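Dropping the structure here:
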């Protein structure tokens, strides 16, 4: 899926559920929640969870969880960016330009 199509799909899905009504302060909280879930998934993938109350997952299941949590982060980031008229492509382009400029003397 192309990034622009993914962003539009996310916006449409969130709008249908009323999730775009939340302001940026609420949205950033959701983004941080998802970032925490991604951190947990990275930890599980890299060193496991060692929790007797949780089923031990295979590496394939852990990888799938990483993919899903990254998607949740991207979805929330796309909605937050849209509130300011920014696309994820715009953000990545600016990120690349900033890094190139910052490190052009190396």
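Residue numbers (the working numbering): 17 to 122. Even glycine gets a Cβ: it sits at the ideal position worked out from N, Cα and C. Computed from a predicted model, the values in this text were never measured in an experiment.
- Between the beta-carbon of residue 85 and that of residue 50 there is about 7 Å, and that keeps the pair under the 8 Å contact cut.
- Rounded to the nearest angstrom, the gap between the Cα atoms of residue 56 and residue 31 is 28 Å.
- Short of 8 Å from the beta carbon of residue 43, and not among the five residues preceding or following it, lie these beta carbons of its own chain, in chain order: 92, 95, 96, 99.
- The continuous stretches of alpha helix (DSSP H) do not include residue 65, and DSSP gives it neither H nor E.
- For residue 30, the enclosing alpha helix (DSSP H) covers residues 19-32.
- For residue 74, the closest of 68, 60, 24 by C-alpha to C-alpha distance is 60.
- DSSP places residue 37 in no alpha helix (DSSP H); its state is neither H nor E.
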